[in-house]
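Chemist:
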């Protein structure tokens with residue numbers, strides 16, 4: 001059974017960089033897209049971006065150049081960096097597998113990141 | 001960006017009722033439409049992918065239909081465990097976008 005687990009700081013100061021890691025276990029990290037999503041306190045959901053095992057990425061233009069998603073095949077994990085955060089980036093962040101054909105089938109439990117001084 | 005509009009924003013139903021939730025895209029998304037169920041404190045759970053394909057392990061009372069701009073999630077014979085918020089998402093054009101959610105309550 002595939003499992004995804006987010007890890008990283010739960011509190012980030014404004015203007016700093018949010019860094020999260022998603023560890024994939026119970027299955028292969030190759031052959032799928034790996035996605036970051038977030039859910040704001042008001043419950044709206046946002047697609048942040050994704051990465052294929054080849055390293056090709058797609059990002060939400062609303063985040064501009066602030067976002068980077070990377071993958072480490074040897075460690076079976078992928079990561080999110082979001083720079084210059086503000087309070088508007090406070091959300092629950094999820095890592096998700098996109099198995100293709102719009103099948104977002106495995107989600108991490110989510111991790112709350114609060115941006116505050 | 002493609003805007004996804006769900007209706008209704010909330011629905012109250014009795015156990016055994018049929019419930020229909022609609023999702024409209026501001027432009028065509030072919031059949032790249034996903035439905036999720038989310039219970040409080042939990043991650044969204046995939047119900048339907050590619051508009052009408054039931055994810056493994058999801059009860060058959062859930063079904064999806066539609067293509068292009070108009071989609072429907074139907075729950076036949078609602079059960080108490082179906083209390084949740086339901087979201088649609090388009091996976092046709094970047095950036096992928098979500099509907100605002102429909103909260104299902106049991107009368």
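Protein chains in written order, with the working numbering: chain A, 1 to 117; chain B, 1 to 107.
We put the CB at the ideal spot given by N, CA and C, even for glycine.
Buried or exposed for residue 27/B, going by 16 or more other Cβ atoms inside 10 Å?
Modeler: The count along the second chain starts at 1 and reaches residue 27/B at position 27. With fewer than 16 other Cβ atoms within 10 Å, it is exposed.
Chemist: Of the residues 95/B, 51/B, 52/B, which one's Cα is nearest the Cα of residue 50/A?
Modeler: As a working mapping, residue 50/A is identified with position 50 in the first chain. The shortest C-alpha separation from residue 50/A is found at 95/B.
Chemist: Can you list the residues of chain A that residue 32/B reaches, using a CB-CB cut of under 9 Å?
Modeler: By one-based count along the second chain, residue 32/B stands at place 32. Near residue 32/B (Cβ distances below 9 Å), the residues of chain A are 101, 102.
Chemist: At the 9 Å Cβ level, is residue 37/B part of the contact set with chain A, yes or no?
Modeler: The residue given as residue 37/B occupies position 37 in the second chain. By this cut-off, residue 37/B is not an interface position.
Chemist: Could you tell me the alpha carbon to alpha carbon distance between residue 109/A and residue 68/B, rounded to whole angstroms?
Modeler: Taking the first residue of the first chain as position 1, residue 109/A is located at position 109. Taking the first residue of the second chain as position 1, residue 68/B is located at position 68. Each residue's alpha carbon lies about 32 Å from the other.
Chemist: Note down the Cα distance separating residue 66/B from residue 45/A, rounded to an integer number of angstroms.
Modeler: Along the second chain, one-based indexing puts residue 66/B at 66. Along the first chain, one-based indexing puts residue 45/A at 45. Straight-line Cα distance between these residues: approximately 22 Å.
Chemist: Assuming contact is defined by CB atoms lying nearer than 9 Å, are residue 38/B and residue 99/B in contact in what I supplied?
Modeler: Along the second chain, read from residue 1 onward, the residue named residue 38/B stands at position 38. Along the second chain, read from residue 1 onward, the residue named residue 99/B stands at position 99. In this structure, residue 99/B does not lie closer than 9 Å to residue 38/B by Cβ.
Chemist: Residues in its own chain within less than 6 Å of residue 2/A by CB, not counting five upstream and five downstream?
Modeler: Here residue 2/A refers to the residue found at position 2 when the first chain is read from its first residue. Result list for residue 2/A: 26, 27, 106, in chain order.
Chemist: Using the C-alpha atoms, what's the distance from residue 65/A back to residue 38/A?
Modeler: Reading the first chain from its first residue, position 38 is the one you call residue 38/A. Reading the first chain from its first residue, position 65 is the one you call residue 65/A. If I take the Cα positions, the gap works out to 17 Å.
Chemist: Which residues in the same chain as residue 96/A place their Cβ atom closer than 6 Å to its Cβ, once the five residues preceding and following it in sequence are excluded?
Modeler: In the first chain, the residue the question calls residue 96/A occupies position 96. Excluding positions up to five away in sequence, the list reads 35, 37, 104, 107.
Chemist: DSSP three-state call for residue 64/B: helix, strand or coil?
Modeler: Taking the first residue of the second chain as 1, we reach residue 64/B at position 64. Residue 64/B: strand per DSSP, three-state reduction.
Chemist: Kindly indicate if chain B contains any beta-carbon less than 9 Å away from that of residue 98/A.
Modeler: As a working mapping, residue 98/A is identified with position 98 in the first chain. Yes, contact with chain B.
Chemist: At what residue ranges does the region 49-106 of chain A contain a whole run of the alpha helix (DSSP H), taking only runs of 4 or more?
Modeler: Correct list: empty.
Chemist: Which residues, in order along the region 42-56 of chain B, keep a beta-carbon less than 7 Å from a beta-carbon of chain A?
Modeler: Per Cβ criterion, the list reads 43, 44, 46, 49, 50, 55.
Chemist: With a cut-off of 9 Å, does the C-beta of residue 71/B fall near any C-beta of chain A?
Modeler: Position 71 of the second chain, counting from 1, holds the residue named residue 71/B. No, no contact with chain A.
Chemist: Kindly indicate the opening and closing residues of the beta strand (DSSP E) around residue 34/B.
Modeler: The count along the second chain starts at 1 and reaches residue 34/B at position 34. Note, residue 34/B: beta strand (DSSP E), 33-38.
Chemist: So if I threshold CB-CB distances at 9 Å, which residues from the region 3-14 of chain A count as touching chain B?
Modeler: The residues in question: there are none.
Chemist: Per DSSP, what kind of secondary structure is residue 16/A in: helix, strand or coil?
Modeler: For the purposes of this step, residue 16/A is taken as the residue at position 16 of the first chain. Reduced to three states, the DSSP call for residue 16/A is coil.
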